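Working notes for the structure below.
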Amino acid sequence: MTRLAVFLTTLLLLSAGVAPAVVTAGPTPSGSIDSGSLSSAQSPSPISTGSSTTSTPQVASESGPDSRLGCVDGVCHDDELGFDEPTNLTDEELDRLVDRSMARVEELRGEQFDSTVDVEVRSRESFRADSVLTNSTRTDSFQQWNDQVWEALFVVGEDQRSAEAIDSTVGAAVNGFYMPSEDQIVIVSSTPDEPTVSERTLVHELVHAWQDQQYDLTSPEYRAATQDADLAVDGVVEGEAGYIEARYEERCAAGQWACLDEPATAGSNSDSPSNQGILLTLLQPYSDGPAYIHEVRSTEGWDGVGERVASPPETTSTIIHGEPPEAASLDVADESTDGWQRYPDEGVGGAETVGEASIYVMFWYQAAEYGADTVDTDSLRQATGAYDQYNYSAAPSDGWVGDKLYPYTRGDDDGYVWTTQWESTQDVSEFVEAYGGILDAHDATETDSGAYVVSDGSFSGAYAVDVTDTRVTIVHAPTEEGLFELRPALEPTAINDSAGPAVLEDDIPGFGVAAAVAALVAFVAVGRRLR
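Note that the UniProt record's numbering has the sequence shown beginning at 1, numbered continuously upward.
Here it is, written out as structure tokens:
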């Protein structure tokens with residue numbers, strides 16, 4: 001997996017394949033995207049304030065926050081600024097905009113800032129060139145390990161490094177970010193010398209600054225060990241920021257506040273993220289998180305929200321469905337032979353946990369990009385809950401209980417053993433059938449051993465699916481022989497595209513809690529972490 005670094009970002013939904021418009025998404029807590037799969041960098045380097053691509057830093061409230069809730073440095077939440085457009089702002093205008101945005105966060109959250117917040121505007125070119133969001137500091141071992149994680153998810157093939165794909169996507173999608181280590185907000189603009197600043201983006205990032213003052217986003221609680229846990233952390237950190245941002249927009253729409261017009265767009269077609277699967281994974285916390293926070297606040301108040309942010313959930317299933325999955329303990333022994341080795345220093349003892357959200361993305365991306373018969377791609381936009389943007393719930397990924405994905409290496413060869421646990425045999429059938437749809441989309445042929453071989457393309461190699469009760473183990477190697485070197489006791493299960501795995505045809509289907517939620521609600525909304 002791959003984490004994004006120690007800061008919180010605001011993403012743009014620039015790609016028509018995922019969203020029709022530009023949308024503000026939130027930041028990533030200090031290292032929350034750091035698990036190997038989606039994360040891309042370690043600690044960000046300090047941002048220069050003197051380059052030609054960077055405007056003079058603005059300090060929110062020189063004299064500190066106002067003693068009145070909802071007022072900062074003499075500017076209150078319902079004040080007008082004296083200018084109507086967020087373009088070509090002077091330093092004084094930017095100061096007032098930042099002060100009012102801070103005041104609005106205080107009014108919406110019901111809490112004051114403890115101290116001022118530094119805000120800086122940078123060009124997208126400078127942002128992309130900086131090492132803050134790149135994988136340049138990651139080891140070769142980590143990158144090779146992470147490549148296998150993304151290949152197992154059928155999002156980044158063997159013809160591209162996952163680090164490059166992540167960097168390219170993030171470089172085009174980030175509109176702003178907050179760095180807890182620097183106590184600084186950076187707004188990414190195409191015209192930094194004549195700043196055009198989104199008030200909505202400022203509100204979002206200022207929530208992260210407030211969170212940092214309350215919870216210290218550089219603390220270990222916000223540096224989860226796996227991709228799934230990182231995305232779950234982001235679900236509450238980004239969720240709270242996205243929820244407050246949405247409530248800000250409601251006041252603007254109702255005429256309760258005078259608000260600046262949002263910039264028409266923050267990117268061009270050339271800026272569109274190149275990999276929709278990576279983008280959709282990054283967006284899950286921004287999509288599901290606000291709905292999760294709204295539900296918690298509705299039932300437990302802001303105190304309940306504070307408890308969730310202080311002690312974040314551990315799975316994306318919790319963010320998607322509103323409750324944690326069944327507890328599961330997965331012990332996957334290393335049975336490999338013939339020189340195959342795990343990466344003991346990466347992930348958690350060499351393993352990554354990708355979780356329900358990433359599994360959903362795998363099926364959606366393969367359907368959208370390769371026409372795989374997995375999920376209805378249109379269902380992504382059919383979220384029904386309050387503050388939901390996208391629907392990350394589908395039959396093949398619902399019912400997830402746990403997973404461990406172990407990348408392997410041997411010389412120039414790569415492979416992996418990925419074990420998933422499900423609530424019921426029905427969940428297993430749905431997962432395996434959809435996985436078979438992926439293999440079919442890549443023209444896989446079945447061998448006498450029950451394995452499947454993909455001869456061409458960026459996901460070529462041998463695959464085997466081994467089903468035991470509610471556990472599914474997927475093995476991948478360059479050759480069919482390699483499958484049995486990685487897993488000598490492997491017993492491949494034939495995949496029946498129309499009825500699910502043959503081994504389960506006589507089973508009486510179970511109906512787990514997550515599946516019931518999906519059946520009753522029809523579509524459950526979406527909900528951080530990319531390694």
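By construction, the Cβ of each residue, glycine as well, lies at the ideal position given by its N, Cα and C atoms.
Remember, predicted model here, so these are calculated numbers, not experimental data.
{"Check": "Contact check, Val117 vs Leu206, beta carbons under 8 Å", "Outcome": "yes"}
{"Check": "Span of the alpha helix (DSSP H) around Leu94", "Outcome": "91-109"}
{"Check": "In DSSP terms, what Tyr416 is bridged to", "Outcome": "Pro407, His476"}
{"Check": "Local Cβ density within 10 Å of Arg381, reported as buried at 16 or more and exposed below that", "Outcome": "exposed"}
{"Check": "Alpha carbon of Thr468 to alpha carbon of Thr384, nearest angstrom", "Outcome": "35 Å"}
{"Check": "Local Cβ density within 10 Å of Ser35, reported as buried at 16 or more and exposed below that", "Outcome": "Residue confidence for Ser35 is low, a pLDDT of 35 falling below 50, so the modelled location carries little weight; the figure read from the coordinates is stated next. Buried, since its Cβ has 16 or more Cβ neighbours within 10 Å."}
{"Check": "Residues near Ser141 in its chain [Cβ-Cβ closer than 8 Å; skip 5 each side]", "Outcome": "Tyr343, Asp345, Glu346"}
{"Check": "Pick from Leu153, Pro312, Gln211 that is closest to Asp230, judged by C-alpha positions", "Outcome": "Pro312"}
{"Check": "Helix, strand or coil at Phe484 [DSSP, three-state]", "Outcome": "helix"}
{"Check": "Thr316: first and last residue of the uninterrupted alpha helix (DSSP H) it sits in", "Outcome": "316-321"}
{"Check": "Segment contact, 8 Å Cβ cut-off, at least three pairs: the stretch 461-475 with the stretch 423-436", "Outcome": "yes"}
{"Check": "For Ala477, the nearest candidate out of Thr493, Ala494, Phe459 (CA to CA)", "Outcome": "Phe459"}
{"Check": "Extent of the continuous beta strand (DSSP E) to which Gly176 belongs", "Outcome": "174-179"}
{"Check": "Collapsed DSSP secondary structure at Gly461 in the structure displayed", "Outcome": "strand"}
{"Check": "Bridge-paired residues (DSSP) for Gly402", "Outcome": "Gln421"}
{"Check": "Inter-residue CB distance, Val375 and Ala434 (contact presumed, cutoff 8 Å)", "Outcome": "7 Å"}
{"Check": "Validate contact between the stretch 291-300 and the stretch 220-230 using beta carbons, cut 8 Å, 3 pairs", "Outcome": "no"}
{"Check": "Proximity to Pro290 [Cα-Cα], best of Ala489, Pro263, Phe83, Ala232", "Outcome": "Ala232"}
{"Check": "Distance cut-off 7 Å: Ala129 Cβ against heavy atoms of the ligand HEM", "Outcome": "The ligand HEM is not among the ligands present in this structure, which contains no ligands whatsoever."}
{"Check": "Whole-angstrom distance between Ala165 and Asn275, CA atom to CA atom", "Outcome": "7 Å"}
{"Check": "Cβ-based neighbour list, Tyr390, same chain, cut-off 6 Å, excluding 5 preceding and 5 following", "Outcome": "Ser287, Leu380, Ala383, Val526"}
{"Check": "Whole-Å CB distance - Gly235 paired with Tyr292, under 8 Å assumed", "Outcome": "6 Å"}
{"Check": "Environment of Asn88 [buried if 16+ CB atoms lie within 10 Å]", "Outcome": "exposed"}
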